[in-house]
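Novice: If you scroll down you'll find the structure; I have some questions about it.
Protein chains: 2
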Amino acid sequence: MSAWIGAWVSIVGHMSVKRRPTLHDVAALAGVSHQTVSRFLRGDPTVGADTLGRIKAAVDELGYRPNLTARAMRTRSSGVVAIILPGWTGPERTVNAACAEAQSLGYQVEIVIGVDEDPVALSRLATDILARGQVDGVLSVTPLTIKTGDGGVVVQTDEFDHRLRSVEAVAADEITMEDLVDRLAAMGHRDLFHVAGPQDWWSAQLRRSGYLKACDRLGIRSHGVFDGPWDPETGVEAVRSLPDDTPVTAVVAASDHLAVGVVHAAVHRGWAVPEDLSVTGWDDITLVRYGTPALSTVRVDRETSGRHGMRRLIAAIRGEAEPDPMAAAPTEIAFRETTVPPRKNAVIGQED
Amino acid sequence: MSAWIGAWVSIVGHMSVKRRPTLHDVAALAGVSHQTVSRFLRGDPTVGADTLGRIKAAVDELGYRPNLTARAMRTRSSGVVAIILPGWTGPERTVNAACAEAQSLGYQVEIVIGVDEDPVALSRLATDILARGQVDGVLSVTPLTIKTGDGGVVVQTDEFDHRLRSVEAVAADEITMEDLVDRLAAMGHRDLFHVAGPQDWWSAQLRRSGYLKACDRLGIRSHGVFDGPWDPETGVEAVRSLPDDTPVTAVVAASDHLAVGVVHAAVHRGWAVPEDLSVTGWDDITLVRYGTPALSTVRVDRETSGRHGMRRLIAAIRGEAEPDPMAAAPTEIAFRETTVPPRKNAVIGQED
DNA sequence: TTGTATGCGTTATCAG
DNA sequence: CTGATAACGCATACAA
Chain H
1 MSAWIGAWVS
11 IVGHMSVKRR
21 PTLHDVAALA
31 GVSHQTVSRF
41 LRGDPTVGAD
51 TLGRIKAAVD
61 ELGYRPNLTA
71 RAMRTRSSGV
81 VAIILPGWTG
91 PERTVNAACA
101 EAQSLGYQVE
111 IVIGVDEDPV
121 ALSRLATDIL
131 ARGQVDGVLS
141 VTPLTIKTGD
151 GGVVVQTDEF
161 DHRLRSVEAV
171 AADEITMEDL
181 VDRLAAMGHR
191 DLFHVAGPQD
201 WWSAQLRRSG
211 YLKACDRLGI
221 RSHGVFDGPW
231 DPETGVEAVR
241 SLPDDTPVTA
251 VVAASDHLAV
261 GVVHAAVHRG
271 WAVPEDLSVT
281 GWDDITLVRY
291 GTPALSTVRV
301 DRETSGRHGM
311 RRLIAAIRGE
321 AEPDPMAAAP
331 TEIAFRETTV
341 PPRKNAVIGQ
351 ED
Chain Z
1 MSAWIGAWVS
11 IVGHMSVKRR
21 PTLHDVAALA
31 GVSHQTVSRF
41 LRGDPTVGAD
51 TLGRIKAAVD
61 ELGYRPNLTA
71 RAMRTRSSGV
81 VAIILPGWTG
91 PERTVNAACA
101 EAQSLGYQVE
111 IVIGVDEDPV
121 ALSRLATDIL
131 ARGQVDGVLS
141 VTPLTIKTGD
151 GGVVVQTDEF
161 DHRLRSVEAV
171 AADEITMEDL
181 VDRLAAMGHR
191 DLFHVAGPQD
201 WWSAQLRRSG
211 YLKACDRLGI
221 RSHGVFDGPW
231 DPETGVEAVR
241 SLPDDTPVTA
251 VVAASDHLAV
261 GVVHAAVHRG
271 WAVPEDLSVT
281 GWDDITLVRY
291 GTPALSTVRV
301 DRETSGRHGM
311 RRLIAAIRGE
321 AEPDPMAAAP
331 TEIAFRETTV
341 PPRKNAVIGQ
351 ED
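Quick note, the sequences are listed as chains H and Z, same order. Residues 1 to 352 (the UniProt record's numbering) are what the first sequence spells out, left to right. Residues 1 to 352 (the UniProt record's numbering) are what the second sequence spells out, left to right.
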């Protein structure tokens, strides 16, 4: 380690400056030429046994690490991909999985957070990032208006990519939501309300249409759909929008955050959850499992989505064929403590 | 835009390949030499007026964007900094603020998530990242064993950096915790329990010692301290560890996630919150504000910490002086619905 | 099996 | 004010 430091120190004027060892330093120390070292580093088998030993020793002694910037310039690929987000919170699970996948495929991940959530602005941002030439591709978790950038690839997560999903996959959220409403109906609920989230998210659209379709098919009364950002406050406002004598017995929220707001506002209005009002969320985030009452929700496999999105991106960068779709864990509805048969109907049906 | 595309397309063999325009392309089109263009791009004032106009036109027509990789190789600085994390969840607010600050200072942010939470492993990771030469510096939100890397700078967030905090700042978490226990004592609580989080986090240590000091000073009985990861499940286990006839009237948790688990387990044990058991958290995450009951917690200004950490990092990279400490929003204790005077004591004191 | 020469796109030095 | 020329560190045809 001391020899290593020593090798890095060069004297410039009156002050010493660390200089990172290069291929040439290694070559000089090993007594070979620089591209023999280059071959060694790339694992080329056409390197003599004792040359190999000398190079290895030199690399160790100097603590040499290849300069990835220089390599990137020469190979025109940096080994880093960007993930573009409309904000930090929200797609954490997807992003986390995508990061892990990228790292296991040998890519670094650069996170870019757009200040503006507008798809057009984010698309421009993606193009800019690509044009700067520091990343090989961009993965977006939200809808973008472009698919390929100049000198790079842009891929969207399955979750939000209309074009790429098979017909069955497209319908997944919608069908799951229909299923959820079916189950609520089977419990006896006849009067529902939907808190739908921002409608420029495709998943929000799907859940909404699944809700409406199921209501229609089952002859269930929907007393409204409330749009808004993925935020508890939206759920609060949704509940506030309900009249005191609302016949609604269950609120179907398009996300857990929304649902938490719904429960909060309902309780503060004097409506017991789930006795007076059942509530469902979507995502199965960790915290709501420990809520009181524990939220009924939909467990979604975001990890697979994030992993697969990244895999597709990297395949595209490498010019490989589109990877096979990954088998996602089945989406399942977790009925916990916020859903029970409606009291109102039971009373009406039995005694009143 | 069409001219732009046209300029990028070159024919290689039988297939057309997009080629990004370079400085030379711009120079050729403008009829000047390439480093006159370079000067123009860097805002050098020593560029003639009409040359400037011609270059500007050429840049626009070609849609030229400087190649940051090439620039990085030449200037030995990439304009990207890495944030190294022991996992995705946890320091979101800090990271979010740090990202925003970096972007406003003209830096890109690369996120690196260590699979291993071990400080030594993370330190090695940081050194590796720096050695690759693609980032100018590394910001860590957890304790690291190194401070400077080779050819780069490593800075830790205030929150976790023992060395850098002033004496007063060091004591902040501890004092706040003492304050919290004071307030609980003032409510009448005499029997407490602490869920402390992982003790290799400095902040967890501080909160713990603040708790113990206050108990000691006030003559309050602490019925135990329970360590574990920042996870609701730790809170659950902590409550399970309590005997049925525990005299504890309040549980002080070192984080909101922990506290949520505590509330959940208490309720499932038949202990009403807050009537039988008061609970406090730490962080003021959005969701717990909407919990039922809404969690009493400590509001911490993580944004300033993240922003300032990034500012210090970038100052160090640029060789500037350590920036002045930023005024953080004061930490405040938010008593909400999970804290009330203890029923047991009140009954004993008044009638029994 | 190994060495020589060249270029990636930019910035920097030094002439003109 | 502008232009030729030389790096930056690496990879890769091509020659030895």
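Yeah, the Cβ is synthetic: ideal placement off N, Cα and C, and Gly gets one too.
Taking 8 Å as the threshold, find out whether the segment 299-312 of chain Z comes into contact with the segment 257-273 of chain Z through three or more Cβ pairs.
Specialist: With the cut-off at 8 Å, the segment 299-312 of chain Z and the segment 257-273 of chain Z do not touch.
Novice: Which residues, in order along the segment 287-303 of chain Z, keep a beta-carbon less than 9 Å from a beta-carbon of chain H?
Specialist: So the list reads L287, V288, R289, Y290, G291, T292, P293, A294, given in the order they occur along the chain.
Novice: Are any of the Cβ atoms in chain H nearer than 8 Å to that of Z:Q35?
Specialist: Z:Q35 does not count as touching chain H.
Novice: Using the three-state DSSP reduction, which class does H:P341 fall into: helix, strand or coil?
Specialist: In this structure, H:P341 counts as coil in the three-state DSSP scheme.
Novice: Taking only beta-carbon positions, decide if H:R65 is within less than 8 Å of chain Z.
Specialist: Answer yes: the Cβ-Cβ gap between H:R65 and chain Z drops below 8 Å somewhere.
Novice: Could you tell me the distance, in whole angstroms, from the CA atom of H:F40 to the CA atom of Z:H24?
Specialist: Going from the Cα of H:F40 to the Cα of Z:H24 covers about 34 Å.
Novice: Please decide whether H:H257 counts as near chain Z, where near means a Cβ-Cβ distance under 8 Å.
Specialist: Yes, H:H257 lies at the interface with chain Z (some Cβ there is under 8 Å from its Cβ).
Novice: Which chain H residues sit within Cβ distance under 8 Å of Z:V120?
Specialist: In chain order: nothing, as chain H lies at least about 16 Å away.
Novice: For Z:S78, return the contacting residues in chain H, with the cut-off set at a CB-CB distance below 7 Å.
Specialist: Those are T69, listed as they occur along chain H.
Novice: Which residue marks the beginning of the beta strand (DSSP E) containing Z:E110, and which one marks its end?
Specialist: From DSSP, the beta strand (DSSP E) with Z:E110 extends over 108-113.
Novice: Looking at H:H189 and H:S278, is the spacing between their C-beta atoms short of 8 Å?
Specialist: Yes, the pair counts as a contact, with Cβ atoms nearer than the cut-off.
Novice: Expressed to the nearest angstrom, what Euclidean distance is found between the alpha-carbon atoms of Z:V181 and H:L85?
Specialist: So the alpha carbons of these two residues sit roughly 40 Å apart.
Novice: I want to verify the contact list: residues of chain H whose CB lies under 9 Å from the CB of Z:H264, in sequence order.
Specialist: Chain H residues near Z:H264: R289, Y290, G291, T292, A294.
Novice: According to DSSP, H:Q156 sits in a beta bridge with which residue or residues?
Specialist: H:S140.
Novice: Using a Cβ cut-off of 8 Å (strictly closer), state whether H:E110 contacts chain Z.
Specialist: So yes, H:E110 belongs to the interface.
Novice: Is Z:G6 helix, strand or coil when you go by DSSP?
Specialist: Below a pLDDT of 50, predicted positions are generally treated as unreliable, and Z:G6, at 34, falls in that range; the measurement from the model is reported next regardless. In the structure shown, Z:G6 sits in a helix (DSSP, three-state: H, G or I).
Novice: Short of 7 Å in beta carbon distance, which residues of its chain neighbour H:V26, apart from the five on each side in sequence? Order them along the chain.
Specialist: The answer, listed in chain order, is V37, I55, A58, V59, L62, Y64.
Novice: Can you give me the Cβ contacts of Z:V109 inside the same chain, cut-off strictly under 8 Å, excluding the 5 residues immediately before and after it?
Specialist: Excluding sequence neighbours, Z:V109 sits near V80, V81, A82, I83, A98, C99, A102, Q103.
Novice: Among the residues of its own chain, which have a CB less than 6 Å from the CB of Z:A328, if the five just before and after it don't count?
Specialist: Cβ within range, chain order: D301, T304.
Novice: Only counting the same chain, and skipping five residues up and downstream in sequence, which positions put a Cβ closer than 7 Å to that of Z:A172?
Specialist: Hits under 7 Å: T331.
Novice: With DSSP as the reference, label Z:E275 as helix, strand or coil.
Specialist: Residue state, collapsed to three classes: coil.
Novice: Between the alpha carbons of Z:H257 and H:R132, how many angstroms are there, rounded?
Specialist: Cα to Cα, the separation comes out at about 40 Å.
Novice: Let's test the definition: count the other Cβ atoms within 10 Å of the Cβ of H:H162 and tell me whether it reaches 16, buried, or not, exposed.
Specialist: Only weak support is given to the placement of H:H162: the predicted model assigns it a pLDDT of 45, under 50, and the value that follows is read from those uncertain coordinates. Counting Cβ neighbours within 10 Å, H:H162 comes out exposed, since fewer than 16 surround it.
Novice: Anyone know if the C-beta pair for H:D227 and H:Q205 falls short of 8 Å?
Specialist: No, the Cβ-Cβ distance between H:D227 and H:Q205 is not below 8 Å.
Novice: Residues of chain H with a CB under 7 Å from the CB of Z:A131: which are they?
Specialist: Per Cβ cutoff of 7 Å: R65.
Novice: Specify, as a first and last residue, the run of the beta strand (DSSP E) that H:D25 falls within.
Specialist: Counting along the chain, H:D25 falls outside any beta strand (DSSP E), though it belongs to the alpha helix (DSSP H) covering 23-30.
Novice: With a threshold of 6 Å on Cβ separation, who are the neighbours of H:S222 within its own chain once the five nearest residues in sequence on each side are excluded?
Specialist: Around H:S222: L192, C215.
Novice: List the endpoints of the continuous alpha helix (DSSP H) containing H:G210.
Specialist: Element bounds for H:G210: 202-218.
Novice: Ordered along the chain, which non-local residues of its own chain (more than five positions away) have a Cβ less than 7 Å from that of H:P341?
Specialist: Around H:P341: M187, G188.
Novice: How is H:I285 classed by DSSP in three states: helix, strand or coil?
Specialist: Three-state DSSP puts H:I285 in coil, outside helix and strand.
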